[in-house]
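Read through the structure below, which is laid out as structure tokens, and then see the notes.
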Amino acid sequence: MLEKYVVRCDAASLGVPCTNCVAFSIECKIPTPKRKKNQTKTKEASVTNENENETPTENPELRQETPVRDGKDAFGYRNNQMAVDGIPATALSEVEAAQEAHLNSAYAQFMKPKFARAPIKEAGRVAYLGESSNLSLLVQDRHGTTDVVHYPLPPNMRGSRARVADLDNLELDILHQRGAFLLPPKPLCDELVEDYFKWVAPVVPIVNRSRFMRHYRDPKNPPSLLLLQAILLAGSRVCTNPQLMDANGSTTPAAMTFYKRAKALYDANYEDDRVTIVQALVLLGWYWEGPEDVTKNVFYWTRVAIVVAQGSGMHRSVESSQLSKPDKRLWKRIWWTLFTRDRSVAVALGRPIGINTDDSDVGMLTEEDFIEDEIDIAAEYPPDPVHVQFFLQYVKLCEIMGLVLSQQYSVASKSRRMNAMDLTHSDMALADWLQNCPKEVCWHRQRHHFLAALLHANY
1 MLEKYVVRCD
11 AASLGVPCTN
21 CVAFSIECKI
31 PTPKRKKNQT
41 KTKEASVTNE
51 NENETPTENP
61 ELRQETPVRD
71 GKDAFGYRNN
81 QMAVDGIPAT
91 ALSEVEAAQE
101 AHLNSAYAQF
111 MKPKFARAPI
121 KEAGRVAYLG
131 ESSNLSLLVQ
141 DRHGTTDVVH
151 YPLPPNMRGS
161 RARVADLDNL
171 ELDILHQRGA
181 FLLPPKPLCD
191 ELVEDYFKWV
201 APVVPIVNRS
211 RFMRHYRDPK
221 NPPSLLLLQA
231 ILLAGSRVCT
241 NPQLMDANGS
251 TTPAAMTFYK
261 RAKALYDANY
271 EDDRVTIVQA
281 LVLLGWYWEG
291 PEDVTKNVFY
301 WTRVAIVVAQ
311 GSGMHRSVES
321 SQLSKPDKRL
331 WKRIWWTLFT
341 RDRSVAVALG
351 RPIGINTDDS
361 DVGMLTEEDF
371 IEDEIDIAAE
381 YPPDPVHVQF
391 FLQYVKLCEI
401 MGLVLSQQYS
411 VASKSRRMNA
421 MDLTHSDMAL
431 ADWLQNCPKE
441 VCWHRQRHHF
451 LAALLHANY
């Protein structure tokens, strides 16, 4: 038992068994803290009343045409419920005990010889072991693998709150009150998805469109509900359908509805695919209440997305990993999208940058990284050359943004005298970017193009 040894325990961050117990081949147990006797139901009652009073006013057009029946909605999402009482549980059920038993042996999977080079079949279930982590050192010592930092999560390591079937009655009730399982009428939903890929996706190419649309058209294997609600949120910002507009012609109330639905799913840990979570977090930034808000704006959600992505190892090169080729391309696009969001938001809002390029070794994007062909399936939507060139040039421009921020606007730059060479370097970098800008996205008054105008507005 770990408490007999005077060592630092990392069970809180890595789970059970901890690194030390694995190394010493001993049983890992963590004492269960005793529940205080004087707990009351006051807090629970106030939370329940608050949830009842915060039911959002939604546009009737955004409600699902087909009612939820037999535990499934129109897209096939399960709505199972588990009975709970009003007092925090102090004992595990048989199911929870079985899950805990699986988790107790999960990290031992990392020690198996075949684990380090096992193919990663689910890109959203990847364990990132940085070189300095204790577990990474053990894996390297056992197998001699020093170039691998991405590993497949063992199949029994699924979060206890990963699926809707694991949600309790209260959590499900909150999701239903938020309308999290509701979708707009099919024609409106189709239009929102189409407008998202037409206007938003070129700026944030984080979703494999061909893969998403296959699931979107398949009611038996639908896309992630969290991701879909986030896409509807972003799409509502650019869609001009009158059904989305209020009396003043604004789509903000509709966007707020989609935002609350997606956020409710995220807060409930409804989704356990880490790639999907990062994608949704990026898109949640398309809702912003106002300049005074700091917890519901693009800066907040971009920073959260970066943290989750780094936790999954997206800031590290996956070229030597066992990810499939399509997933490697998608990971690169997601990471460089986070990079562009980080730099552009920092410039626009005067905030500090969150990504340190010294911590990342992801290769620069190429045109090939926008190909969405699967191993045995040709992409339904081939890359648009204009979209590809726009984003490639946008990444280069954001690199210059980071340079300018560091040299001229950072706190450290205030303590040193302005260097004329720094200004000259920035000017030369911008001039070189403009001179080498491809004609597809080079802006001309006589030949106006939206993406070209957007790119040069950032310039």
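Residue numbers (UniProt numbering): 1 to 459.
C-beta: ideal position from N, C-alpha, C; glycine also.
Check the C-beta distance from residue i over to residue j and give it rounded, since I have them as a contact under 8 Å.
i, j, result
"Leu405", "Val347", "7 Å"
"Glu372", "Arg211", "7 Å"
"Asp361", "Ser320", "About 11 Å separates the two Cβ atoms, so there is no contact after all."
"Ala268", "Leu182", "With a Cβ gap of about 15 Å, Ala268 and Leu182 do not count as contacting."
Tell me which same chain residues have a C-beta within less than 6 Å of the C-beta of residue i, skipping the five on either side of it?
i, result
"His456", "Trp443"
"Glu54", "Summary for Glu54: the model assigns pLDDT 44, below 50, so the residue's position carries little reliability, and this model does not support an answer."
"Trp301", "Leu281, Leu284 and Gly285"
"Arg329", "Asp369"
"Trp199", "Val238"
"Val47", "The pLDDT assigned to Val47 is 42, lower than 50, so where the model puts this residue is not dependable, and the model offers no usable value."
"Arg209", "Phe197 and Tyr381"
Which residue from the options puts its Cα closest to that of residue i?
i, options, result
"Thr257", "Leu175, Thr276 and Val395", "Leu175"
"Ala452", "His425, Asp432 and Phe391", "Phe391"
"Pro202", "Arg445, Lys186, Val441 and Ala268", "Val441"
"residue 461", "Leu244, Gly179 and Glu372", "Here the chain has residues from 1 to 459 only, and residue 461 is not among them."
"Ile355", "Val362, Asp361 and Asp342", "Asp342"
"Val149", "His387, Leu423 and Gln310", "Gln310"
"Val304", "His387, Ile277 and Val126", "Ile277"
"Ser344", "Asn458, Gln177 and Trp199", "Asn458"
"Arg214", "Ala378, Lys414 and Leu423", "Ala378"
"Leu423", "Lys439, Leu403, Cys437 and Gln435", "Leu403"
"Asp275", "Tyr259, Arg261 and Val308", "Just to set this straight, residue 275 is Val in the shown sequence, not Asp. The shortest Cα separation from Val275 among Tyr259, Arg261 and Val308 belongs to Val308."
"His315", "Ile306, Gln322 and Ser321", "Ile306"
"Pro187", "Cys239, Glu271, Tyr266 and Glu171", "Cys239"
"Pro438", "Gln243, Val388, Pro291 and Asp327", "Val388"
"Gly350", "Ser410, Pro326 and Tyr270", "Ser410"
"Phe197", "Arg237, Asp293 and Leu182", "Arg237"
"Glu374", "Met421, Leu323, Thr357 and Asp358", "Leu323"
"Glu171", "Met428, Tyr270, Met421 and His425", "Tyr270"
"Val298", "Leu454, Val204 and Trp433", "Val204"
"Asp273", "Leu454, Gly249 and Pro223", "Pro223"
"Asp173", "Glu122, Ile120, Thr357 and Ala264", "Ala264"
"Asn436", "Ile120, Gln393 and Asp376", "Gln393"
Which same chain residues, not among the five before or five after residue i, have their C-beta less than 7 Å away from its C-beta?
i, result
"Pro352", "Ala346"
"Ala262", "Leu226, Gln229, Ala230, Leu233, Ala280 and Leu284"
"Val386", "Glu440, Val441 and Leu451"
"Tyr266", "Leu226 and Ala280"
"Cys398", "Phe339, Thr340, Arg343 and Ser344"
"Asp427", "none"
"Asn241", "Leu188 and Glu191"
Got a sec, what are the start and stop residues for the alpha helix (DSSP H) residue i sits in?
i, result
"Ile231", "Leu225 to Ser236"
"Ile371", "Premise fails: Ile371 is in no alpha helix (DSSP H) and is neither H nor E."
"Leu175", "Asn169 to Gln177"
"Lys396", "Pro385 to Val404"
"Trp331", "Lys325 to Leu349"
"Trp301", "Val298 to Gly311"
"Ile277", "Arg274 to Leu284"
"Thr257", "Thr252 to Asp267"
"Glu289", "It is not in any alpha helix (DSSP H) - Glu289 carries neither H nor E in the DSSP assignment."
"Met421", "Ala420 to Gln435"
"Asp358", "Premise fails: Asp358 is in no alpha helix (DSSP H) and is neither H nor E."
"Asn458", "Phe450 to Asn458"
"Ala412", "Val411 to Lys414"
"Phe197", "No alpha helix (DSSP H) holds Phe197; DSSP gives it neither H nor E."
"His215", "Arg209 to Tyr216"
Among the residues of its own chain, which have a CB less than 8 Å from the CB of residue i, if the five just before and after it don't count?
i, result
"Val395", "Trp336, Phe339, Thr340, Met364 and Leu365"
"Gln279", "Ile206, Val207, Leu227, Ala230 and Ile334"
"Leu430", "Ile400 and Tyr459"
"Ser413", "Ser406 and Gln407"
"Met245", "Thr251 and Ala254"
"Val294", "Tyr300"
Does the contact criterion of 3 or more C-beta pairs under 8 Å hold for the stretch 373-384 versus the stretch 216-226?
no
Under 8 Å: do the stretch 230-239 and the stretch 186-193 share three or more Cβ pairs, one atom per stretch?
yes
For the stretch 244-262 against the stretch 285-296, do three or more pairs of beta-carbon atoms, one drawn from each stretch, fall closer than 8 Å, so that the two count as touching?
yes
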